[in-house]
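Colleague: Starting off with a structure, shown below.
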Amino acid sequence: MKYFISPHNDDEALWGLKIIKIEKPTVIIVTHATTQGDNGYERTIESYKAMKKLGVSVMFLGIDEDKLTEELLYDKLSDLKAELVYCPELEGGHDHHDIVSRVCSQLFMVKYYKTYTKIEKTGERDFDRDILDCYKTQIDNPMTKHYFYEDNMGDRSNV
56 MKYFISPHND
66 DEALWGLKII
76 KIEKPTVIIV
86 THATTQGDNG
96 YERTIESYKA
106 MKKLGVSVMF
116 LGIDEDKLTE
126 ELLYDKLSDL
136 KAELVYCPEL
146 EGGHDHHDIV
156 SRVCSQLFMV
166 KYYKTYTKIE
176 KTGERDFDRD
186 ILDCYKTQID
196 NPMTKHYFYE
206 DNMGDRSNV
């Protein structure tokens with residue numbers, strides 16, 4: 056079975072949309088949003104709706120963002136049977152992404168995806184926009200909204 060491991064709700068769409076559209080892995084969202092002033096339930100629903108549009112299953116580990124450690128994530132993922140796991144590349148820029156990268160590389164055969172990269176315009180933008188529009192809390196958030204617009208979207212072809 057193939058899995059796409061997303062550190063946060065929205066990473067799966069921002070950085071993995073092309074992978075998910077083509078490979079159809081089960082998506083695993085690691086954290087439950089607790090640090091941006093909401094309880095994460097809206098973000099969970101947003102991810103669920105977006106992944107449903109893509110026709111893939113999604114699982115939520117529900118780890119509070121401020122409680123994520125390598126040990127805890129290792130325990131949560133260690134029983135997972137996977138032929139291939141997509142996880143963020145170790146980039147040194149975001150602790151949660153790096154924790155996911157280190158743990159996945161210990162447990163699984165992985166393919167890495169990059170985060171915080173630019174995207175070239177493609178003919179699939181309308182479909183992508185439909186998926187990205189599911190993430191209303193992040194689009195409305197001044198800290199994250201810039202990731203959801205054309206000039207700043209992640210490169211979803213970076214397997």
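Here the sequence shown is numbered in the numbering used here, starting from 56 and rising by one per residue. All residues carry an ideal CB built from backbone N, CA and C; glycine is no exception. Please read these numbers as outputs of a predicted model, since none were measured by experiment.
Quick check for students: name the residue ranges of the alpha helix (DSSP H) that lie wholly in the region 59 to 96, counting only runs of 4 or more.
Modeller: Listed in chain order, they are 66 to 78.
Colleague: Report the rounded CA-to-CA distance for Leu187 versus Asp66, giving the unit in angstroms.
Modeller: Those two C-alpha atoms are separated by around 11 Å.
Colleague: Put Asp134 into one of helix, strand or coil per three-state DSSP.
Modeller: Three-state DSSP puts Asp134 in coil, outside helix and strand.
Colleague: Three Cβ pairs or more, each shorter than 8 Å: is that satisfied between the region 95 to 113 and the region 139 to 158?
Modeller: No contact exists between the region 95 to 113 and the region 139 to 158.
Colleague: Mind pulling the beta strand (DSSP E) runs of 3 or more residues that sit fully within the region 101 to 160?
Modeller: With a minimum length of 3 residues, the continuous beta strand (DSSP E) runs that stay inside the region 101 to 160 are 113 to 119, 139 to 143.
Colleague: Quick check on this structure: which residue in Ser160, Gly117, Tyr141 has the alpha carbon closest to the alpha carbon of Leu72?
Modeller: If we check each option's Cα against that of Leu72, Tyr141 comes out closest.
Colleague: Less than 7 Å between the C-beta atoms of Ile60 and Cys159, yes or no?
Modeller: Taking 7 Å as the Cβ cut-off, Ile60 and Cys159 qualify as a contacting pair.
Colleague: Which of the three DSSP states is assigned to Lys191 in this structure?
Modeller: DSSP places Lys191 in helix when its eight states are reduced to three.
Colleague: Would you list the residues sitting across from Lys166 in a DSSP beta bridge?
Modeller: Tyr141, per the DSSP bridge assignment.
Colleague: What residue from Asp195, Pro143, Ile74 has the CA that sits closest to Glu101's CA?
Modeller: Closest option to Glu101, Cα to Cα, is Asp195.
Colleague: What is the rounded straight-line gap between the Cα of Thr89 and the Cα of Glu138?
Modeller: Approximately 31 Å, taken between the alpha carbons.
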